Structures are given as C-alpha cells and as structure tokens.
Amino acid sequence: MSSPTEPTEQSALDSTSESTSDLISEVQDIESDSSAVTRVDELVAKLVPIYFVSGLGADERIFQWLRYEGYRPVHIQWVSPEPDEPIADYAKRLTAQIQDECPVVVGLSFGGLIAVEIAKQIETKRVILLSSAKDSSEIPFYFKLFRAFPIHRVFPFKSLLWAFYWLLYWLFGPEGADQKKLLKTVLVETDPHFLKWALHKVVTWKNREIPDDLVHIHGKGDRIFPYRFVNPNYSVENSGHLMVMNRAEEVSDLLEELVLRA
224 MSSPTEPTEQ SALDSTSEST SDLISEVQDI ESDSSAVTRV DELVAKLVPI YFVSGLGADE
284 RIFQWLRYEG YRPVHIQWVS PEPDEPIADY AKRLTAQIQD ECPVVVGLSF GGLIAVEIAK
344 QIETKRVILL SSAKDSSEIP FYFKLFRAFP IHRVFPFKSL LWAFYWLLYW LFGPEGADQK
404 KLLKTVLVET DPHFLKWALH KVVTWKNREI PDDLVHIHGK GDRIFPYRFV NPNYSVENSG
464 HLMVMNRAEE VSDLLEELVL RA
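Take 224 as the starting number for the sequence shown in the working numbering and just add one per residue.
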C-alpha cells in the first residue's frame with residue numbers, strides 16, 4: 224500500500240469526500256419518490272464520470288460486484304475489430320465513446336492494455352489498471368512464444384470450450400456458482416473473431432510507454448498475469464485475476480480513493 228497522504232492532500236480529499244457524500248445522500252433521500260426521477264438523474268450526472276474498459280470479451284457485468292461511490296461508471300463497449308487492426312488504431316476508435324475531457328480510465332485485464340493505448344492518444348487524468356500489464360515487459364514470456372508459433376490464431380476455442388472449463392476456472396479464479404456462471408456466459412458469448420484478434424494483440428504487444436498518471440492494482444494470486452512478472456502500486460492479498468468479483472470490497476475502496484485523489 225502507499226504511504227500516508229500528506230495533510231494538505233488529505234484535507235482536499237476529505238473535502239471532496241464530504242461533498243460527494245452529501246450528493247449521494249441527496250440522491251438516496253429522493254430516489255424513492257417517482258416524481259423526482261429527473262432530479263436524481265441530474266444529481267447522478269454531477270458525479271465524476273469514470274470510464275471502465277472490461278476484460279477480453281466481457282462487458283459491464285464483470286464489474287457488478289464493485290461498489291460505485293463518489294463517481295459515475297461509464298462502460299466502454301467493445302466494437303468488432305478490423306482484420307489485423309493494430310491495437311493503437313482500435314483504441315483510437317474506442318475513444319469516440321469518451322465524452323469528457325481528461326478522463327479517468329479504468330482497464331481490466333486486456334482492457335488495461337487498451338486503457339494504456341487510449342492514454343497514449345488522449346490526455347487522461349489517471350489510468351487505473353486492474354489485473355493487467357503496463358508494458359510488454361509485464362507480459363509473461365510464455366505468452367510471447369506464440370509470436371513464433373501463433374496457434375492461437377487457428378485454434379477452435381469456441382468449439383472446444385466445453386472441455387476446458389475446469390482449466391479456465393483455475394486460471395481466472397471465480398468463487399461460487401454465480402461467478403462461475405457469469406464467467407462461463409462471457410466465454411460462450413465472446414465473438415471468436417474478437418477473441419483470436421485480442422489474444423494476438425496480447426502476445427504481440429510491444430508497448431514501452433507508460434502513462435505518468437498510471438496506477439496499477441494487482442492480485443497476488445493472479446494466474447493470467449502472474450504477480451512475479453508485474454510491478455503494481457497496490458497489491459490485493461489472496462486474490463486472483465478476477466479480484467473485481469471476489470475481492471470487490473477492497474478493490475472498490477481503492478478505486479474510490481484513487482478517483483477522489485485524481
């Protein structure tokens with residue numbers, strides 16, 4: 224964890240937290256009144272928008288265990304990649320969904336790579352990586368072997384998915400029936416063209432540029448991007464790749480702190 228916040232910074236943080244808490248309280252006071260729906264929408268719109276980029280093939284459902292306090296989540300939607308489209312070009316297309324200047328962007332897993340690429344093209348206030356990698360040095364060496372032997376580009380993942388659920392559960396680390404069901408649903412619904420394209424972008428990623436405003440949160444038990452290969456700012460104990468699901472409270476606390484300090 225980071226060192227204690229300086230007094231002046233803490234005062235600003237406390238002030239921001241109080242104003243945000245007041246705003247949330249006002250929303251809660253009137254949300255039960257059907258005639259006040261418009262007012263609720265106006266108050267929610269005043270919350271700081273934070274842009275989330277989900278993991279490979281996933282969508283906002285993967286973040287459903289998180290607690291959003293002090294900010295308003297905006298989920299960037301995946302679009303179909305062009306054949307052999309460079310990851311930088313793809314990220315540039317996604318920036319069309321960002322409607323705010325100098326945003327905070329949160330990227331999960333493959334979405335973290337995309338968040339880094341977005342930050343190389345537009346000014347960001349902060350980039351937060353969850354269970355991801357900042358540059359190519361944090362991509363496991365055995366992933367890079369697929370550069371020479373790109374079997375991932377022809378392997379029929381979707382056709383053989385049923386035979387590998389046990390392995391995928393071990394790799395991703397979902398806990399409980401609901402999390403396993405969601406992971407299985409996401410895998411089944413993922414477009415095979417997008418899956419192969421994204422996997423190829425991971426193994427061939429050669430990024431060396433790390434945004435100055437980047438903060439990296441990583442689970443110590445991650446089996447997709449093992450902890451020994453990364454250098455995060457914050458570590459989450461007893462957590463695997465899906466810490467946004469099974470360590471949601473701790474991740475939510477960190478996100479709230481980082482967003483308010485951005």
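Just so it is clear, CB atoms sit at the ideal spot from N, CA and C, and this is done for glycine as well.
Quick caveat, the model's predicted, so the values are computed rather than measured.
Please determine, among Leu-270, Asn-430, Glu-283, the residue with the shortest C-alpha to C-alpha distance to Asp-358. The count along the sequence shown starts at 1 and reaches residue 358 at position 135. Answer by Cα proximity: Asn-430.
Note the first and the last residue of the continuous beta strand (DSSP E) segment covering Ser-475. Residue numbering aside, residue 475 sits at position 252 when the sequence shown is read from its first letter. Segment 471 to 484 is the alpha helix (DSSP H) holding Ser-475; no beta strand (DSSP E) there.
Who are the Cβ neighbours of Val-474 in its own chain at under 6 Å, not counting the five residues just before and after it? As a first step, residue 474 must be located in the sequence shown, where it is residue number 251. If we look at Val-474 and ignore the five residues flanking it on each side, its Cβ neighbours are Met-466, Val-467.
Could you pull the start and end residues of the alpha helix (DSSP H) that His-416 belongs to? Residue mapping note: residue 416 aligns to position 193 of the sequence shown, counting from 1. It spans 415 to 427 - the alpha helix (DSSP H) in which His-416 sits, taken as one unbroken run.
Kindly give me the distance between the Cβ atoms of Leu-477 and Ile-440, rounded to whole angstroms, as I take these residues to be in contact under 8 Å. As a working mapping, residue 477 is identified with position 254 in the sequence shown. As a working mapping, residue 440 is identified with position 217 in the sequence shown. About 6 Å separates the two Cβ atoms, so the contact holds.
Enumerate in chain order the residues of its own chain whose CB-to-CB distance from Glu-346 is below 6 Å, with the five nearest sequence positions on each side excluded. Looking up residue 346 in the sequence shown gives position 123. Excluding positions up to five away in sequence, the list reads Cys-325.
If I follow the unbroken beta strand (DSSP E) through Phe-286, where does it start and stop? Here residue 286 corresponds to residue number 63 of the sequence shown, with the count starting at 1. In this chain, Phe-286 is not harboured by any beta strand (DSSP E), its DSSP state being neither H nor E.
For Ser-355, which three-state DSSP category applies? Taking the first residue of the sequence shown as position 1, residue 355 is located at position 132. Looking at Ser-355 - three-state DSSP - the assignment turns out to be coil, as it is neither helix nor strand.
Quick one: residues in its chain with C-beta nearer than 7 Å to the C-beta of Pro-455, no 5 flanking neighbours on either side, listed in chain order? Mapped onto the sequence shown, residue 455 falls at position 232. Around Pro-455: His-439, Ile-440, His-441.
Taking only the alpha-carbon atoms, compute the straight-line gap between Ala-400 and Asn-469 and give it to the nearest angstrom. Position 177 of the sequence shown, counting from 1, holds the residue named residue 400. Position 246 of the sequence shown, counting from 1, holds the residue named residue 469. Going by the C-alpha atoms only, they are around 12 Å apart.
Rounded to the nearest angstrom, how far is the Cβ of Leu-353 from that of Ile-337, given a contact under 8 Å? Position 130 of the sequence shown, counted from the first residue, corresponds to residue 353. Position 114 of the sequence shown, counted from the first residue, corresponds to residue 337. With 8 Å as the limit, Leu-353 and Ile-337 do not qualify as a contact, their Cβ atoms being about 12 Å apart.
Three-state secondary structure (DSSP) of Tyr-313: For the purposes of this step, residue 313 is taken as the residue at position 90 of the sequence shown. DSSP places Tyr-313 in helix when its eight states are reduced to three.
Label Glu-492 either buried or exposed according to how many other C-beta atoms from any shown protein chain fall within 10 Å of its C-beta, with 16 as the threshold for buried. Summary: the structure shown does not reach residue 492, with the chain confined to residues 224 through 485, and so no result is reported for it.
Under 8 Å, with one C-beta from each stretch per pair, do the segment 458 to 465 and the segment 383 to 392 reach the 3-pair mark? no
Can you give me the Cβ contacts of Trp-288 inside the same chain, cut-off strictly under 7 Å, excluding the 5 residues immediately before and after it? The count along the sequence shown starts at 1 and reaches residue 288 at position 65. The residues are Val-467, Met-468, Ala-471.
Buried or exposed (CB count within 10 angstroms, at least 16 for buried), Pro-304: Taking the first residue of the sequence shown as 1, we reach residue 304 at position 81. It is buried - the Cβ of Pro-304 has at least 16 other Cβ atoms within 10 Å.
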